[in-house]
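Scroll down for the structure; my scribbles are underneath it.
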Amino acid sequence: MTPFPDTSVQIDAHTLQGATGVLTVDLDTLAANWKSLESRAVPAECSAVVKADAYGCGLKPVTRKLASVGCKTFFVATLDEAKLAREAAPKAAIYVLNGFFANCGDDFARIDARPVIGDLNELAEWDAFRRTRGWSGLAGIQIDTGMNRLGLTIDEARGLVPRIRQADHGIAMVMSHLACSEDMNNAMNARQLAAFRGIASEFSGVTASLANSSGIFLGSHFHMDLVRPGAALYGLNPTPEADNPMQPVVGLKVRIAQIRNVPKGETVGYGALWHAKRPTRLAIVSAGYADGYFRAASGIEGTRSAQAVVAGQRCPIVGRISMDLMAIDITDVPHGAVRRGHFVTLIGDGLTLDELGHHFGTIGYEVLTSLGHRYARDYRGGVAHDPAASDNKTAPENTSA
Ligand SMILES: *Cc1c(COP(=O)(O)O)cnc(C)c1O
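Per my numbering, residue 1040 is the first one in the sequence shown, and the count goes up by one each step.
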């Protein structure tokens, strides 16, 4: 038997040596997901939300790939993220969702990023910066329609309408955000749509945007001029009540550090919260909650723990998940099918992010943005680029901004 019978692990042995496992990001599948959302949204423009390191998938490789297949507008949360996006997409429009602060105007100007402004004082600061610098950069305006997070009130937005008759008014987009888009039957969706349509129609000639991933699936009247998918690009299900229309992008395999036999009656892990009811064979694998595998998914008796796929078979996690390790019950896997050094699958092979989110007591979004930094990253289908440019590497380094 070869040490790595799993041919899907294609990463050089040296990189692998220092890592807890291999996180695979399939950029071709990501691009296919973007294209399928684009064709659903057409004639609206399809942008891409790449905040939070592209939901843990790597901001630069993701942005570069999507730009190469025709995505022209990107959304990030912070200015630091915008800098990375600019390096990956020199010509794209880049919006910074968390907005503008007076002391960072020069950075916005230098990388030509567009703040999404949601407060009249913030707008005044941005205007003051543009005036003093003689800069004619653009911005988006966020309008609150019920989320009560960021955004001008509808009345405040109405006060800005006369401005768009001025030359160099600077407003490239008006947008709002849906609070309940993943729940198709929630009446809030129609209320927010009506409120946003009313105010957006007064900003004639300005791009209007409302829909996130799930919003795209609420119907074409939600698409307006531009849609803003994030989660669905990375394979999360935008329609939780139905089958997932997206393809999985992320896979995670970790190595077996040890295989051990546990006699009947013994306990496993911190707190001794799991007892072997039969002679049990365990695979101890090298990932834990420090790698973003939430402790909430532990195999405590009386609860349904998360599972791993070992030699093609689903096996339960048993005992408490520790910081760097966890135990998988492989008693039912044929002897000889696995041994120390082999990989087990934690994401992929039918184990979905949404399912894992359920076990973690959260949503697939948080599973992705929690993915640890000790994995070797294996990007498939990447776009060739200037090797001198700094980048997300395949080494298990901290890739967060
Ligand atoms: C994060 C975010 C999105 C993307 O949402 P998904 O549900 O991941 O598609 C869109 N718009 C705004 C304002 C956001 O903050």
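Cβ atoms here follow ideal geometry from the backbone N, Cα and C, with glycine treated the same way.
Report the residue from the options whose alpha carbon sits nearest the alpha carbon of residue i.
| i | options | result |
| --- | --- | --- |
| Gln-1286 | His-1381, Gly-1060, Gly-1198 and Thr-1391 | Thr-1391 |
| Tyr-1418 | Ala-1226, Lys-1303 and Gly-1290 | Gly-1290 |
| Ala-1423 | Glu-1084, Ala-1163 and Thr-1102 | Thr-1102 |
| Gln-1205 | Gln-1231, His-1216 and Ser-1175 | Ser-1175 |
| Arg-1267 | Gln-1056, Ala-1071, Val-1061 and Lys-1090 | Lys-1090 |
| Arg-1153 | Pro-1100, Gln-1181 and Thr-1408 | Gln-1181 |
| Ala-1141 | Gly-1375, Phe-1333 and Asp-1158 | Asp-1158 |
| Gly-1179 | Leu-1265, Gly-1327, Ile-1369 and Leu-1076 | Leu-1265 |
| Ser-1086 | Ala-1093, Asp-1092, Trp-1073 and Gly-1097 | Trp-1073 |
| Phe-1242 | Asp-1151, Ile-1203, Ala-1234 and Ala-1226 | Ile-1203 |
| Ala-1226 | Ser-1240, Val-1061 and Gly-1185 | Gly-1185 |
| Ala-1229 | Arg-1125, His-1260 and Gly-1109 | His-1260 |
| Val-1245 | Leu-1189, Ala-1211 and Phe-1147 | Ala-1211 |
| Leu-1249 | Ser-1215, Asp-1222, Ala-1271 and Ala-1148 | Ser-1215 |
| Ile-1284 | His-1053, Ala-1116 and Arg-1079 | First, the amino acid is wrong: residue 1284 is Pro here, not Ile. The candidate whose alpha carbon is nearest that of Pro-1284 is Arg-1079. |
| Gln-1231 | Ile-1356, Asp-1166, Asp-1222 and Ala-1218 | Ala-1218 |
| Asp-1151 | Ala-1121, Glu-1161 and Gly-1421 | Ala-1121 |
| Pro-1355 | Gly-1375, Ala-1315, Phe-1235 and Thr-1408 | Ala-1315 |
| Gly-1254 | Glu-1126, Asp-1166, Val-1200 and Ala-1083 | Ala-1083 |
| Ala-1234 | Asp-1207, Asp-1183 and Tyr-1273 | Asp-1183 |
| Leu-1123 | Gly-1097, Val-1108 and Gly-1109 | Gly-1097 |
| Leu-1395 | His-1053, Gln-1346 and His-1374 | Gln-1346 |
| Ala-1326 | Met-1362, Asp-1393 and Gly-1304 | Met-1362 |
| Gly-1173 | Arg-1236, His-1053 and Asp-1207 | Asp-1207 |
| Arg-1149 | Asn-1160, Arg-1125 and Trp-1165 | Arg-1125 |
Taking Cβ positions, are residue i and residue j nearer each other than 7 Å?
| i | j | result |
| --- | --- | --- |
| Val-1349 | Val-1372 | yes |
| Gly-1168 | Gly-1198 | Contrary to the premise, residue 1168 reads as Phe rather than Gly in this sequence. Not closer than 7 Å, so no. |
| Gly-1358 | Val-1307 | yes |
| Ser-1252 | Pro-1279 | no |
| Met-1263 | Ala-1281 | no |
| Ala-1128 | Ala-1106 | yes |
| Ala-1486 | Leu-1312 | Since the first and last residues shown for the chain are 1040 and 1440, residue 1486 lies out of range. |
| Ala-1335 | Leu-1055 | no |
| Lys-1111 | Leu-1066 | no |
| Ala-1196 | Ile-1238 | yes |
| Phe-1114 | Leu-1136 | yes |
| Gly-1095 | Leu-1410 | yes |
| Tyr-1328 | Ile-1360 | yes |
| Leu-1275 | Gly-1403 | yes |
| Thr-1068 | Val-1288 | yes |
| Val-1301 | Thr-1319 | yes |
| Asp-1146 | Leu-1118 | yes |
| Ser-1344 | Gly-1338 | yes |
| Ala-1132 | Val-1108 | no |
Can you have a look at residue i and say buried or exposed, based on whether 16 or more other CB atoms are within 10 angstroms of its CB?
| i | result |
| --- | --- |
| Val-1081 | exposed |
| Asp-1330 | buried |
| Asp-1051 | exposed |
| Tyr-1134 | buried |
| Val-1383 | buried |
| Arg-1317 | exposed |
| Lys-1099 | buried |
| Gln-1297 | exposed |
| Pro-1426 | At Pro-1426 the pLDDT is 48, less than 50, meaning the model places this residue with poor confidence; the figure from the coordinates comes in the next sentence. Pro-1426 should be labelled exposed. |
| Thr-1342 | exposed |
| Gly-1057 | exposed |
| Asp-1194 | exposed |
| Thr-1171 | exposed |
| Ala-1060 | According to the sequence shown, residue 1060 is Gly rather than Ala. Buried: at least 16 other Cβ atoms inside 10 Å. |
| Val-1064 | buried |
| Ser-1240 | exposed |
| Ala-1428 | Model confidence at Ala-1428 stands at a pLDDT of 44, short of 50, so the residue's coordinates are unreliable; what they give is reported in the following sentence. Exposed: under 16 other Cβ atoms inside 10 Å. |
| His-1398 | buried |
| Glu-1436 | The predicted position of Glu-1436 is uncertain, since its pLDDT is 37 and thus under 50; a value taken from the coordinates is nonetheless stated next. That one is exposed. |
Taking only beta-carbon atoms, is residue i less than 7 Å away from chain B?
| i | result |
| --- | --- |
| Arg-1294 | Of the chains in the structure shown, none is chain B; there is only one protein chain. |
Contact check, residue i vs residue j under 8 Å by CB: the rounded distance?
| i | j | result |
| --- | --- | --- |
| Pro-1385 | Tyr-1309 | Note on identity: in this sequence residue 1385 is Leu, with Pro being the wrong assignment. At roughly 20 Å, the Cβ-Cβ gap does not stay under 8 Å, so Leu-1385 and Tyr-1309 are not in contact. |
| Gly-1209 | Val-1088 | That pair is no contact at about 22 Å. |
| Gly-1389 | Ile-1295 | The Cβ separation is near 19 Å, so there is no contact. |
| Gly-1138 | Leu-1189 | 7 Å |
| Ala-1271 | Leu-1076 | 6 Å |
Ligand 2 and residue i: does the residue's C-beta get closer than 6 Å to at least one heavy atom of that ligand?
| i | result |
| --- | --- |
| Asn-1283 | Of the ligands one can find in the structure shown, namely ligand 1, none is ligand 2. |
Checklist line | Residues surrounding ligand 1 [beta-carbon distance to nearest heavy atom under 5 Å] | finding: Val-1088, His-1216, Asn-1251, Ser-1252, Arg-1267, Pro-1268, Gly-1269 and Ala-1270
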